[in-house]
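Novice:
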Amino acid sequence: MAVLRPHRQHGAGSLVLEELLAWAREAGLAECYLYAQTHALTFYHRHGFVEEGFVFYEAGIPHLTMRRPAANPIRCLLDSRAKRFHALLKLLRMSRRELWIDAPTPDFGGGPMDTVLTEIKRLAHQNRDPTIRILT
1 MAVLRPHRQH GAGSLVLEEL LAWAREAGLA ECYLYAQTHA LTFYHRHGFV
51 EEGFVFYEAG IPHLTMRRPA ANPIRCLLDS RAKRFHALLK LLRMSRRELW
101 IDAPTPDFGG GPMDTVLTEI KRLAHQNRDP TIRILT
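Once you know that position 113 of the sequence shown is 113 in UniProt numbering, the rest is easy, because the numbers rise by one and skip nothing.
Here you go:
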């Protein structure tokens with residue numbers, strides 16, 4: 001997330017972040033994390049994020065990983081293979097830097113495997129150092 005300099009200190013970043021956190025809660029996520037530029041740490045601290053790990057550089061700019069629990073996490077149980085497959089595709093398409101899949105069975109919800117592989121390849125080719133972990 002980035003806010004143009006003239007619009008900073010007017011609450012725009014807080015509004016966007018709070019909407020994203022609300023979306024995460026509604027999606028049933030237990031935790032949120034982000035990669036913050038080190039000059040913005042105070043902003044994220046005010047929103048409940050805690051620093052984790054070591055400084056790393058992206059595009060020559062120092063960053064830190066930050067995490068915070070999503071309030072009132074909800075576990076979402078997908079009751080059909082089709083729903084699981086479509087939820088997986090949605091998450092794959094949203095992924096930009098990291099992808100961790102913990103699949104109890106390696107069929108990924110029973111949908112077409114070539115569709116899943118296409119999205120995983122997109123993530124791998126779109127970034128310099130993507131993290132992709134599939135645990136079965």
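Note that beta-carbon positions come from the ideal geometry of N, C-alpha and C, so glycine has one too.
If you're wondering where the values come from, they're calculated on a predicted model, not measured in any experiment.
Pick helix, strand or coil for residue 2, following the three-state DSSP scheme.
Specialist: Three-state result, residue 2: coil.
Novice: So, with DSSP's three-state summary, where would you put residue 126?
Specialist: helix
Novice: Since residue 11 is in the beta strand (DSSP E), which residue starts that stretch and which ends it?
Specialist: It is not in any beta strand (DSSP E) - residue 11 carries neither H nor E in the DSSP assignment.
Novice: Measuring CB atoms only, is the stretch 39-51 touching the stretch 79-96, in the sense that at least three cross pairs come out at less than 8 Å?
Specialist: No, the stretch 39-51 does not touch the stretch 79-96.
Novice: Candidates 24, 86, 129, 13: which alpha carbon is nearest residue 115's?
Specialist: 86
Novice: CB residue 58 to CB residue 44, shorter than 9 Å?
Specialist: Not closer than 9 Å, so no.
Novice: Going by other Cβ atoms of all chains shown within 10 Å of its Cβ, with 16 needed for buried, is residue 117 buried or exposed?
Specialist: exposed
Novice: So, for residue 134: in the same chain, excluding its five sequence neighbours on each side, which residues have a beta-carbon less than 6 Å away from its beta-carbon?
Specialist: Hits under 6 Å: 101.
Novice: Where does residue 39 fall in DSSP's three states?
Specialist: Reduced to three states, the DSSP call for residue 39 is helix.
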